[in-house]
Amino acid sequence: MRIVYLSIIVFLFASGCKEEKLGPLTKGGNAPGLVTNVSSESLPGKVRLRYDIPHDPELLYVKAVYETRPGNTMETIATFYNTGMVLEGFGNTDEREVKLYSVSRSEVSSEPVTVKVRPLTPPVQSVFASLDFNGDFGGITARFKNEDSANVAIGVVSRDANGNPVPADMYYTNQEEGEFSVRGFDATEQWFGLYVRDRWLNYSDTVWKKLTPLFEQQLDKKLFRAMKLPTDANTFGSGPLANLWNDKIAGGSSSNNTWFRSANGSGVPHWVTFDLGVTAKLSRFSEVPRGATDELTLLYSAGDPQLYEIWGTDNYNPDGSFNGWTKLMDCEVVKPSGLPVGVNSNEDLLRAAEGHQFKFPAGLPAVRYLRIKLVQTFGNADYFWMAEMTFFGEIQ
Numbered sequence: 085m086r087i088v089y090l091s092i093i094v095f096l097f098a099s100g101c102k103e104e105k106l107g108p109l110t111k112g113g114n115a116p117g118l119v120t121n122v123s124s125e126s127l128p129g130k131v132r133l134r135y136d137i138p139h140d141p142e143l144l145y146v147k148a149v150y151e152t153r154p155g156n157t158m159e160t161i162a163t164f165y166n167t168g169m170v171l172e173g174f175g176n177t178d179e180r181e182v183k184l185y186s187v188s189r190s191e192v193s194s195e196p197v198t199v200k201v202r203p204l205t206p207p208v209q210s211v212f213a214s215l216d217f218n219g220d221f222g223g224i225t226a227r228f229k230n231e232d233s234a235n236v237a238i239g240v241v242s243r244d245a246n247g248n249p250v251p252a253d254m255y256y257t258n259q260e261e262g263e264f265s266v267r268g269f270d271a272t273e274q275w276f277g278l279y280v281r282d283r284w285l286n287y288s289d290t291v292w293k294k295l296t297p298l299f300e301q302q303l304d305k306k307l308f309r310a311m312k313l314p315t316d317a318n319t320f321g322s323g324p325l326a327n328l329w330n331d332k333i334a335g336g337s338s339s340n341n342t343w344f345r346s347a348n349g350s351g352v353p354h355w356v357t358f359d360l361g362v363t364a365k366l367s368r369f370s371e372v373p374r375g376a377t378d379e380l381t382l383l384y385s386a387g388d389p390q391l392y393e394i395w396g397t398d399n400y401n402p403d404g405s406f407n408g409w410t411k412l413m414d415c416e417v418v419k420p421s422g423l424p425v426g427v428n429s430n431e432d433l434l435r436a437a438e439g440h441q442f443k444f445p446a447g448l449p450a451v452r453y454l455r456i457k458l459v460q461t462f463g464n465a466d467y468f469w470m471a472e473m474t475f476f477g478e479i480q
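So this note's numbering is basically just the index in the sequence shown, starting at one, shifted up by 84.
Structure below.
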């Protein structure tokens, strides 16, 4: 009897796994009538079409067939409930033809109605036209404008010894404007190029510049030492300040070696102090927040710093005062999306995982001792937490 039951189960399972091919809703029939009164509105990189649909009970949808660029054909479909559609994916402003078909429930198409359209300058071109970049510490910093808030990728390339392009980085964004940096290059004159790509694989040209990155080196974290001056905030729990430079950023709430947290009730402002182990002119630093790779609900909330200051000195006052200290920088963590606390976009999460980047102003004195002075967290807490800090500069 068990064999019989098993055979039935196998049969039913095999029957349920057969591939089903979907076909027309009905069979036979004539082509529906044509769309009429077609008009077009040109938009950046796209076109909005409006039309009247035929009064035909067999009409299922209207299909637009067009080329975004020579040889690349796309189709856009709108059901009979709609009297218009938006055609996307254009990479230039060339005039092209769009063919509109009325399609019946039995998938019979009408003759096409042809309309000529000309999109406005697409984001892949307007963003490219806005690009500007210059040499920076360890690489370049690029600036752009993206007035349409389009999803684009900005590619960065360099050249090898033979002059061939070599991919260096890809920056994804839908911000209206912004800047980003690419690091890891020697302080020697070399070629850098930028181009823009969209999700339909339209590409801009590449703009090239010969630039010399500024010299910098990452400070050795093994030389860093935590300090506890009389006015410094206390540590929460067993997670020491040294967690800020141990190159560990994941582990969750149960871990005590992946992030630093000041004690509850530390007040605002409050600060902590540490020794870099060397005297250096600082060029920039990166701060990875707690929750950048796990505990994502902690990002841009609770004790995640939004406003803080970096102070430095080469000879600290043992009484814990700020006498002899220089404010090196005001730091503001800005969410790329601009969304409110508790709502994060993919770009917000990516920015946190990469680390918030801050560049020190030029002309600052060389320092050995640093202070982080909290001004405000995203959750207006009286404590703060961070996962990792990495400093760059030139050792004196």
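Idealized CB from N, CA, C, for every residue including glycine.
Just the Cα atoms here: how many angstroms apart are D403 and N230?
Counting from 1 along the sequence shown, the entry for residue 403 is found at position 319. Counting from 1 along the sequence shown, the entry for residue 230 is found at position 146. Spanning the two alpha carbons is a distance of roughly 50 Å.
Looking only at DSSP bridge pairs, what is P251 linked to?
Counting from one through the sequence shown, the residue named residue 251 turns up at place 167. Residue pairing of P251 in beta bridges, as defined by DSSP: V241.
What do you get for R455, buried or exposed, if any count of 16 or more other CB atoms within 10 angstroms of its CB means buried?
Here residue 455 is taken as the residue at index 371 of the sequence shown, counted from 1. Flag for R455 reads buried.
Minimum length 4: unbroken alpha helix (DSSP H) runs contained in the stretch 360-440:
Within the stretch 360-440, the complete alpha helix (DSSP H) runs of at least 4 residues are 430-438.
Note down, in chain order, each residue of its chain lying with its Cβ closer than 6 Å to the Cβ of R227, except the 5 sequence neighbours on either side.
Here residue 227 is taken as the residue at index 143 of the sequence shown, counted from 1. Same-chain partners within the cutoff: D216 and E263.
Determine the contact status of A310 and P297, defining contact as a CB-CB distance below 8 Å.
Numbered from 1 along the sequence shown, position 226 holds the residue referred to as residue 310. Numbered from 1 along the sequence shown, position 213 holds the residue referred to as residue 297. No. Outside cutoff.
Taking DSSP's pairing of strands, which residues face S210 in a bridge?
Counting from 1 along the sequence shown, the entry for residue 210 is found at position 126. In DSSP, S210 forms no bridge with anything.
Please state whether DSSP places N464 in a helix, a strand or coil.
Position 380 of the sequence shown, counting from 1, holds the residue named residue 464. In the structure shown, N464 sits in coil (DSSP, three-state: anything other than H, G, I, E or B).
Beta strand (DSSP E) segment containing E181, residue limits
The sequence position of residue 181 within the sequence shown is 97, counting from 1. Note, E181: beta strand (DSSP E), R180 to S188.
Alpha-carbon to alpha-carbon, Y279 and C415:
Numbered from its first residue, the sequence shown carries residue 415 at position 331. Numbered from its first residue, the sequence shown carries residue 279 at position 195. Distance between the alpha carbons of C415 and Y279 is about 30 Å.
Just reading off the beta strand (DSSP E) that W275 is part of, what are its end residues?
Here residue 275 refers to the residue found at position 191 of the sequence shown. It spans Q274 to D282 - the beta strand (DSSP E) in which W275 sits, taken as one unbroken run.
Three-state secondary structure (DSSP) of W329
For this step, residue 329 is matched to residue 245 along the sequence shown. Helix.
Along the chain, where does the beta strand (DSSP E) containing V201 start, and where does it finish?
For this step, residue 201 is matched to residue 117 along the sequence shown. That run of the beta strand (DSSP E) goes V197 to V201.
My understanding is that P116 touches S188, with C-beta atoms under 8 Å, so please give their C-beta distance in whole angstroms.
Counting from one through the sequence shown, the residue named residue 116 turns up at place 32. Counting from one through the sequence shown, the residue named residue 188 turns up at place 104. About 5 Å separates the two Cβ atoms, so the contact holds.
Would you call the stretch 425-439 and the stretch 268-288 touching, i.e. three or more CB-CB distances under 8 Å?
no
Where does P389 land, buried or exposed, given buried means 16+ other C-beta within 10 angstroms?
On the sequence shown, position 305 is the one that residue 389 refers to. Buried: at least 16 other Cβ atoms inside 10 Å.
Does the beta carbon of F269 come closer than 8 Å to any beta carbon on chain B?
Absent here is chain B; the protein component of the structure consists of one chain.
Would you check if the distance between the CB atom of L433 and the CB atom of L383 is smaller than 8 Å?
For this step, residue 433 is matched to residue 349 along the sequence shown. For this step, residue 383 is matched to residue 299 along the sequence shown. Their beta carbons are under 8 Å apart, which means L433 touches L383 by this criterion.
Am I right that G426 and S385 are in contact with their C-beta atoms under 8 Å? What's the rounded C-beta distance?
Taking the sequence shown and counting its residues from 1, the one referred to as residue 426 is at position 342. Taking the sequence shown and counting its residues from 1, the one referred to as residue 385 is at position 301. 6 Å between Cβ atoms; contact.
Which residues in the same chain as L360 place their Cβ atom closer than 8 Å to its Cβ, once the five residues preceding and following it in sequence are excluded?
Against the sequence shown, residue 360 aligns to sequence position 276. Excluding residues within five positions, the ones whose Cβ falls inside 8 Å are L303, L307, F308, V451, R452, Y453, L454 and F475.
Please state whether DSSP places K305 in a helix, a strand or coil.
For this step, residue 305 is matched to residue 221 along the sequence shown. In the three-state reduction of the DSSP assignment, K305 falls in the helix class, which pools H, G and I.
Along the chain, where does the beta strand (DSSP E) containing Y150 start, and where does it finish?
In the sequence shown, residue 150 corresponds to position 66, counting from 1. L143 to R153 is the extent of the beta strand (DSSP E) around Y150.
Give a yes or no on whether the C-beta atoms belonging to R202 and G239 are separated by under 8 Å.
Mapped onto the sequence shown, residue 202 falls at position 118. Mapped onto the sequence shown, residue 239 falls at position 155. With respect to G239, R202 sits apart: the two C-beta atoms are not nearer than 8 Å.
Exposed or buried, S346, counting other C-beta atoms within 10 Å across all chains shown (16 or more means buried)?
Translated into positions along the sequence shown, residue 346 becomes position 262. Per the 10 Å Cβ criterion, buried.
Determine which residues share a DSSP beta bridge with F228 and list them.
Translated into positions along the sequence shown, residue 228 becomes position 144. As DSSP reads the structure, F228 sits in a beta bridge with G262.
What is the DSSP secondary structure of L133, reduced to helix, strand or coil?
Stepping through the sequence shown from its first residue, residue 133 is reached at position 49. For L133, the secondary structure class from DSSP, reduced to helix, strand or coil, is strand.
Between E431, E379, V356 and F406, which has its C-alpha nearest F35's C-alpha?
Here the chain has residues from 85 to 480 only, and residue 35 is not among them.
Take the Cβ of G387 as the centre, count every other Cβ of all protein chains shown within 10 Å, and call the residue buried at 16 or more, exposed below.
Counting from 1 along the sequence shown, the entry for residue 387 is found at position 303. Looking at its Cβ environment, which holds 16 or more other Cβ atoms inside 10 Å, G387 is buried.
Could you pull the DSSP bridge partners for F344 from this structure?
Along the sequence shown, read from residue 1 onward, the residue named residue 344 stands at position 260. As DSSP reads the structure, F344 sits in a beta bridge with M470.
By the 10 Å Cβ neighbour count, where 16 or more other Cβ atoms means buried, how is P206 classified, buried or exposed?
Within the sequence shown, the letter at position 122 stands for residue 206. Looking at its Cβ environment, which holds 16 or more other Cβ atoms inside 10 Å, P206 is buried.
Determine whether the beta carbon atoms of R180 and Y150 lie at a separation below 8 Å.
Counted from its first residue, the sequence shown places residue 180 at position 96. Counted from its first residue, the sequence shown places residue 150 at position 66. In contact: R180 and Y150 (Cβ atoms closer than 8 Å).
At what residues does the beta strand (DSSP E) containing T120 begin and finish?
Taking the first residue of the sequence shown as position 1, residue 120 is located at position 36. From DSSP, the beta strand (DSSP E) with T120 extends over T120 to L127.
Does DSSP classify A162 as helix, strand or coil?
Sequence index remark: in the sequence shown, residue 162 carries index 78 (1-based). The answer is strand: DSSP assigns A162 an E or B state.
With a threshold of 7 Å on Cβ separation, who are the neighbours of L380 within its own chain once the five nearest residues in sequence on each side are excluded?
Against the sequence shown, residue 380 aligns to sequence position 296. These residues qualify, in order along the chain: L433.
Spatial neighbours of S214 within its chain, please: CB distance less than 7 Å, with the 5 preceding and 5 following residues excluded, ordered by chain position.
Numbered from 1 along the sequence shown, position 130 holds the residue referred to as residue 214. Within the same chain, S214 has close Cβ partners F228 and K229.
Assumed close pair V352, Q460 - CB separation to whole angstroms, cut-off 8 Å:
As a first step, residue 352 is located in the sequence shown; it is residue number 268 there, counting from the start. As a first step, residue 460 is located in the sequence shown; it is residue number 376 there, counting from the start. The pair is a contact, with the Cβ atoms about 7 Å apart (cut-off 8 Å).
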